[in-house]
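Residue numbers (the numbering used here): 319 to 518.
Glycine included, C-beta positions come from ideal geometry on N, C-alpha and C.
Because the structure is a prediction, the values reported are computed rather than measured.
Below is one structure; the comments refer to it alone.
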Amino acid sequence: MQLNVNDAQAIEVSELTFGGEFNETLVHQAVVAYMAGGRQGSKQQKTRSDVSGGGKRPWRQKGTGRARAGTIRSPIWRGGGTTFAARPQDHSQKLNKKMYRAAMRSILAELVRTDRLVVVQDFAVEAPKTKDLLNKLNGMGLTDVLIVSDAVDQNLYLAARNLPHVDVRDVQGSDPVSLIAYDKVLITVSAVKKFEELLG
């Protein structure tokens, strides 16, 4: 299939990578798995056994007229442990490589179908100046954009760092969430070829 390139001839790309059907269920699963993998999962509270102190019973078992108590760190006491305390846990979900690649292909195909993929021959800035990059993007009518190249250009990365709706990634650093999070995805021809290699 043909993919239009800004200010250049259209390029021939793989139908498998850029022309497949959109599998919403698979894309949803990939996005959820990716976001779950980013969770810290380090929350922890103290049970009655974790709280310091409480080894000696506060008063004898019988004869005081008070309710029996074996420790001052019981969950029903102020300063006691938590009954069902949170424990660190791993939230990551398993996603096969084959499924991940299929989800990425599905996203790229949908970007092409919905006219959200802007392909350029090359994209760079001469100096790490945010103003230069902003002028360049405004000239192309792009405000909310992910820029993907085969390798991250340092000047481009530094220029985009202070723009809230612009992100710069290389092909390896692109993920399902970043690809669908922006209005447009600006991608270089070399990055298109690299996606074909990785996902084909």
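The C-beta distance from A442 to N473 rounds to 7 Å, short enough to meet the 8 Å contact threshold.
E333 and G518 have their C-alpha atoms roughly 9 Å apart.
Residue V369 holds the alpha-carbon nearest to the alpha-carbon of R396 among K412, V369 and Q411. Straight-line measurement puts the Cα of L497 at about 24 Å from the Cα of D450.
Annotated three-state conformation of T343 is helix, per DSSP. Between Q358 and the set E330, G388, G459 and R405, the nearest pair of CA atoms involves R405.
Less than 7 Å divides the Cβ of R375 from the Cβ of G388. Partner residues in a beta bridge of N322, as assigned by DSSP, do not exist.
Annotation for D485: no alpha helix (DSSP H) segment contains it, though the beta strand (DSSP E) segment containing it runs V484 to D488. Residue environment for K502: buried (at least 16 other C-beta atoms within 10 angstroms of its C-beta). In this structure D485 is buried. Its beta-carbon is surrounded by 16 or more other beta-carbon atoms within 10 angstroms. DSSP links T506 through a beta bridge to V438.
Residue pairing from DSSP places I465 in a beta bridge opposite V486 and L504.
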